[in-house]
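Engineer: Heads up: the first sequence is residues 1 to 601, going by the UniProt record's numbering.
Structure incoming, see below.
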Amino acid sequence: MLQKKELPKLSEGFSRIMFCHNDAEIQDAVKTYSSLEPFDDLPRGCFGQRSHEAKVQVGIMKFLKKADAPSSGRTPKVDRVQRHLSPQSSDKKDQSSERKDGGLGLINFSEKEEMGSKETAACSSSNDIPTLAFPSISTADFQFNLDKASDIIVEKVEECLGKLGNARLVLVDLSHGSKILSLVKAKAEKKNIDSSKFFTFVGNIVHLFTKGGLRCSVIANAANWRLKPGGGGVNAAIFNAAGADFEAATKDRAKSLQPGHAVVVPLPSTSPLHIREGVTHVIHVLGPNMNPQRPNCLGNDYNEGCKLLCKAYSSLFDGFMSILNKQENIIPEPSKMLPGSDCGPDGSNQNFDQKNKRDGEFLSENSKKSRSSQNDARVEEANKDNERTGAKGWGSWAHALYQIAMHPERHKDDTFEVSEDVVVIKDVYPKAQRHLLVLARTENLDRLSDVRQEHLDLLRRMHAVGLKWAEKLLQEDDASLVFRLGYHSVPSMRQLHLHVISQDFNSPHLKNKKHWNSFNTAFFRDSVDVIEEVSSKGKATIKGDEGLLSMELRCHRCRSAHPNIPRLKSHITNCKAAFPAALLQNGRLVHRPGEVGTVKP
DNA sequence: GTTCTAGAAC
DNA sequence: GTTCTAGAAC
1 MLQKKELPKL SEGFSRIMFC HNDAEIQDAV KTYSSLEPFD DLPRGCFGQR
51 SHEAKVQVGI MKFLKKADAP SSGRTPKVDR VQRHLSPQSS DKKDQSSERK
101 DGGLGLINFS EKEEMGSKET AACSSSNDIP TLAFPSISTA DFQFNLDKAS
151 DIIVEKVEEC LGKLGNARLV LVDLSHGSKI LSLVKAKAEK KNIDSSKFFT
201 FVGNIVHLFT KGGLRCSVIA NAANWRLKPG GGGVNAAIFN AAGADFEAAT
251 KDRAKSLQPG HAVVVPLPST SPLHIREGVT HVIHVLGPNM NPQRPNCLGN
301 DYNEGCKLLC KAYSSLFDGF MSILNKQENI IPEPSKMLPG SDCGPDGSNQ
351 NFDQKNKRDG EFLSENSKKS RSSQNDARVE EANKDNERTG AKGWGSWAHA
401 LYQIAMHPER HKDDTFEVSE DVVVIKDVYP KAQRHLLVLA RTENLDRLSD
451 VRQEHLDLLR RMHAVGLKWA EKLLQEDDAS LVFRLGYHSV PSMRQLHLHV
501 ISQDFNSPHL KNKKHWNSFN TAFFRDSVDV IEEVSSKGKA TIKGDEGLLS
551 MELRCHRCRS AHPNIPRLKS HITNCKAAFP AALLQNGRLV HRPGEVGTVK
601 P
């Protein structure tokens, strides 16, 4: 058996390397590939046939046991092979024996798993053969039963191999005595699975090429559901090795992952894993969790667990095949997915983007089919509504205001005022003591970015109605209130609506940063400014950058910063500072004389 | 738009 | 330990 030795970097001249593990294999290989000769320009131990003409070349790599560091009592067979093949290589042996192992790292090939015929290298490496290296899913931290898992791996691999063409699958485990590898190996052998298409390999999945000589264009990551770095094992190793660009690329593809699902992430060319290891894609895959100490534990429900693990491998292999078919760009561009979608001029549409990110997961065909029919029906209904009204890209929940605006008679209890062009309602989830909405009743006018010069009269009318109600509330309700009238740059609900909101922001419904910032950053467009902009430029300025909604929390009066919503809310109940000058101009604030502009006692 | 909840932050 | 955030799901 070979001993732990460094593995030299492979020459471009090799497209196939054979690792031999015992005398019989070496003899077989030498017999089969009689023209083999040592390569002068490769580290000692590399033998093979030059690839000037032949498409497939074969080499025998042997790595010498360091003369001064025997780690087992067994004779290093490589000496005999080298003698057998060329005396020249014997001479080189001494030089390389002096070489240190550091730098390239160690891999114990004596424990490399291999399967199938000896003629076909269990671990052949080629830059040409697309290879997916994957760890065993769910069997480490998620404590999935190894016997059941190995059955599933072999079953799913067998299913996939038929569709793979010349591509290969490699099950990788770091541990030399890996039980899952030996189980899978045994079961795959029993099923006569072609060992040139599927084999197991002991090594670090982020160093397969540089330390193992195994070129894998795609590697799978046993991800966590948040698709975040950290944790341990394969996930931490891959995120560490792939660098920040990969983290960003992942975030770009999907925000999270459900058990049984996978998502393909092309590895940025800047990623060290791409440059060093030649990995072009990482497929994140999440399996079922049987560990009670981890989220979403299935208890001992192996019915569900096995289903999910099957689904996970199907999704993973489907993802790999989509790469092979050059269909890895499974998340369509919004414009391609929904031609004519009416995104604002800034191109932003949070609902749409979010939906796309959710749908960006790579689902196996089966799991796509198994989506609940109830959910399908809801989505279908929303799609119909979108189609019917020409309003595409809105979530299924985003049509409520549209329904009220178009059919106020069906919502009599909720409406304050109905006229030909507007409807006034109370916001169902008011973010302040008084919070009304003035809805436009115009069709195909869903948001501020739809507004043009032709809507100026409507905008003025909406403003006048909003102002009327603010004044009414000041007069009849609470004279100390201060109102602000305006639009969200990118609304969450369709149908243009003007917010009339008191500036106390004293409401249990104001719960998060997005709520606060949507009314207290440039995301909120004052009605007076919108009218002025549409009048002068033909359209309103949209400040829909995501950044605005996640900005630090600042008091809208004194501009002090606060670490979280509870602290901010506690502050604003007491802050009596004058409003910032910008708000005091152009009638942006509506109030009784003397209520704003000065610091109160 | 809200609700739910894992896990980060404290 | 509790509080709070942020992302998915609806």
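Note that beta-carbon positions come from the ideal geometry of N, C-alpha and C, so glycine has one too.
(1) Given a cut-off of 8 Å on the beta-carbon distance, is the pair T280 and S217 in contact?
(2) Specify the secondary structure class of L208 as computed by DSSP and reduced to three states.
(3) Which runs of the alpha helix (DSSP H), 4 residues or longer, sit entirely within the stretch 447-503?
(4) What's the gap between the Cα of A133 and the Cα of N303?
(5) Have a look at the DSSP bridge pairing and note the partners of A220.
(6) Helix, strand or coil for I137? Go by DSSP, reduced to three states.
(7) From F144 to S138, what does the alpha carbon distance come to, in whole angstroms?
(8) Where does A262 fall in DSSP's three states?
(9) So if DSSP puts R253 in a beta bridge, which residue, or which two residues, is it bridged to?
(10) What did DSSP end up calling C297 once you bin it into helix, strand or coil?
(11) Please confirm whether V438 and M462 have their CB atoms less than 8 Å apart.
(12) For T442, which beta-bridge partners are listed by DSSP?
(13) With 16 as the cutoff for other CB atoms within 10 Å, does D478 come out buried or exposed?
(14) Quick one: what's got a C-beta closer than 7 Å to I323's C-beta in the same chain, skipping five residues either side?
(15) Can you find the residues in the same chain that come closer than 7 Å, C-beta to C-beta, to S518, ignoring five residues on each side of it along the sequence?
(16) When DSSP builds the beta bridges, which residues end up paired with D526?
(17) Taking its Cβ as the centre, do 16 or more other Cβ atoms sit within 10 Å of E277, making it buried, or is it exposed?
(18) Would P135 and V206 be called neighbours here (beta carbons separated by less than 8 Å)?
(19) Between the stretch 567-586 and the stretch 455-475, do at least 3 Cβ pairs fall closer than 8 Å?
(20) From I283, N300 and N289, pick the residue whose C-alpha is nearest to that of D318; which is it?
(21) Could you work out which residue in L474, F505, S492 and G587 is closest to S527 when comparing CA atoms only?
(22) Could you tell me whether the stretch 194-202 touches the stretch 218-232, using the rule of 3 or more Cβ pairs below 8 Å?
(23) Over what stretch of residues does the alpha helix (DSSP H) that includes F199 continue unbroken?
(24) Between the stretch 442-450 and the stretch 487-504, can you find at least three pairs of beta-carbon atoms closer than 8 Å?
(25) In angstroms with no decimal places, state the Cα-to-Cα distance between residue 602 and C310.
(26) Using the three-state DSSP reduction, which class does K156 fall into: helix, strand or coil?
(27) Put F142 into one of helix, strand or coil per three-state DSSP.
(28) For V590, which three-state DSSP category applies?
(29) Run through the DSSP bridge pairs and tell me what E417 is partnered with.
(30) For a quick check, are the C-beta atoms of G592 and L474 less than 8 Å apart?
(31) Just curious, the alpha helix (DSSP H) that V596 is in, first and last residue?
(32) For D173, name the three-state secondary structure that DSSP assigns.
(33) May I ask which residues mark the beginning and end of the alpha helix (DSSP H) holding L568?
(34) Run through DSSP, which three-state label would Q585 get?
(35) Exposed or buried, V428, counting other C-beta atoms within 10 Å across all chains shown (16 or more means buried)?
Structural biologist: In short, the structure shows the following:
(1) Here residue 280 corresponds to residue number 280 of the first sequence, with the count starting at 1. Here residue 217 corresponds to residue number 217 of the first sequence, with the count starting at 1. Yes, these two residues count as a Cβ contact at 8 Å.
(2) Here the question's residue 208 lines up with position 208 in the first sequence. Coil.
(3) Those alpha helix (DSSP H) runs which fall completely within the stretch 447-503 and span 4+ residues are 456-476.
(4) The sequence position of residue 133 within the first sequence is 133, counting from 1. The sequence position of residue 303 within the first sequence is 303, counting from 1. Cα-Cα distance, rounded: 27 Å.
(5) Mapped onto the first sequence, residue 220 falls at position 220. DSSP, once it has assigned bridges, lists I283 as partnering A220.
(6) Here residue 137 is taken as the residue at index 137 of the first sequence, counted from 1. In the three-state scheme derived from DSSP, where H, G and I count as helix and E and B as strand, I137 is classed as coil.
(7) Working through the first sequence from its first residue, we reach residue 144 at position 144. Working through the first sequence from its first residue, we reach residue 138 at position 138. So the alpha carbons of these two residues sit roughly 5 Å apart.
(8) Taking the first residue of the first sequence as position 1, residue 262 is located at position 262. A262: strand per DSSP, three-state reduction.
(9) Mapped onto the first sequence, residue 253 falls at position 253. Per DSSP, R253 has no beta bridge partner at all.
(10) Residue numbering aside, residue 297 sits at position 297 when the first sequence is read from its first letter. Assignment of C297 by DSSP, reduced to helix, strand and coil, places it in the strand class.
(11) Working through the first sequence from its first residue, we reach residue 438 at position 438. Working through the first sequence from its first residue, we reach residue 462 at position 462. Yes.
(12) For the purposes of this step, residue 442 is identified with residue 442 of the first sequence, where counting begins at 1. Answer is none; T442 lacks a bridge partner.
(13) Position 478 of the first sequence, counting from 1, holds the residue named residue 478. Its Cβ having fewer than 16 others within 10 Å, D478 is exposed.
(14) Sequence index remark: in the first sequence, residue 323 carries index 323 (1-based). So the list reads V218, V264 and H281, once near-sequence residues are dropped.
(15) What you label residue 518 is simply residue 518 of the first sequence in a count that begins at 1. In the same chain as S518, and ignoring 5 residues on each side of it, the C-beta atoms closer than 7 Å to its own belong to H488, F524 and L549, in chain order.
(16) Numbered from its first residue, the first sequence carries residue 526 at position 526. DSSP output for D526 lists G486 as bridge partner(s).
(17) Residue mapping note: residue 277 aligns to position 277 of the first sequence, counting from 1. By the neighbour-count rule (16 or more Cβ atoms within 10 Å), E277 is buried.
(18) The sequence position of residue 135 within the first sequence is 135, counting from 1. The sequence position of residue 206 within the first sequence is 206, counting from 1. No, these two residues do not count as a Cβ contact at 8 Å.
(19) The answer is no - the stretch 455-475 does not touch the stretch 567-586, with fewer than three Cβ pairs under 8 Å.
(20) On the first sequence, residue 318 is found 318 positions in, with the first residue counted as 1. Its Cα nearest to that of D318, the residue I283 stands out among I283, N300 and N289.
(21) The count along the first sequence starts at 1 and reaches residue 527 at position 527. For the options L474, F505, S492 and G587, the alpha carbon positioned closest to that of S527 is the one of G587.
(22) Because the criterion of three Cβ pairs below 8 Å is not met, the stretch 194-202 and the stretch 218-232 do not touch.
(23) Here residue 199 refers to the residue found at position 199 of the first sequence. Per DSSP, F199 belongs to no alpha helix (DSSP H); it is in the beta strand (DSSP E), F198 to V202.
(24) Contact holds: three or more Cβ-Cβ distances are below 8 Å.
(25) Here the chain comprises residues numbered 1 to 601, so residue 602 is not present and cannot be evaluated.
(26) As a working note, residue 156 is residue 156 in the first sequence. For K156, the secondary structure class from DSSP, reduced to helix, strand or coil, is helix.
(27) As a first step, residue 142 is located in the first sequence; it is residue number 142 there, counting from the start. Correct three-state label for F142: coil.
(28) As a first step, residue 590 is located in the first sequence; it is residue number 590 there, counting from the start. Under the three-state reduction of DSSP output, V590 falls in the strand class.
(29) Position 417 of the first sequence, counted from the first residue, corresponds to residue 417. According to DSSP, E417 bridges with V424.
(30) For the purposes of this step, residue 592 is identified with residue 592 of the first sequence, where counting begins at 1. For the purposes of this step, residue 474 is identified with residue 474 of the first sequence, where counting begins at 1. According to the sequence displayed, residue 592 carries Arg and not Gly. Their beta carbons are under 8 Å apart, which means R592 touches L474 by this criterion.
(31) Counting from 1 along the first sequence, the entry for residue 596 is found at position 596. It is not in any alpha helix (DSSP H) - V596 carries neither H nor E in the DSSP assignment.
(32) Along the first sequence, one-based indexing puts residue 173 at 173. Here D173 carries a strand assignment [DSSP, helix/strand/coil].
(33) Here residue 568 corresponds to residue number 568 of the first sequence, with the count starting at 1. From DSSP, the alpha helix (DSSP H) with L568 extends over I565 to I572.
(34) Working through the first sequence from its first residue, we reach residue 585 at position 585. Three-state result, Q585: coil.
(35) Position 428 of the first sequence, counted from the start, is the residue given in the question as residue 428. Burial call: exposed.
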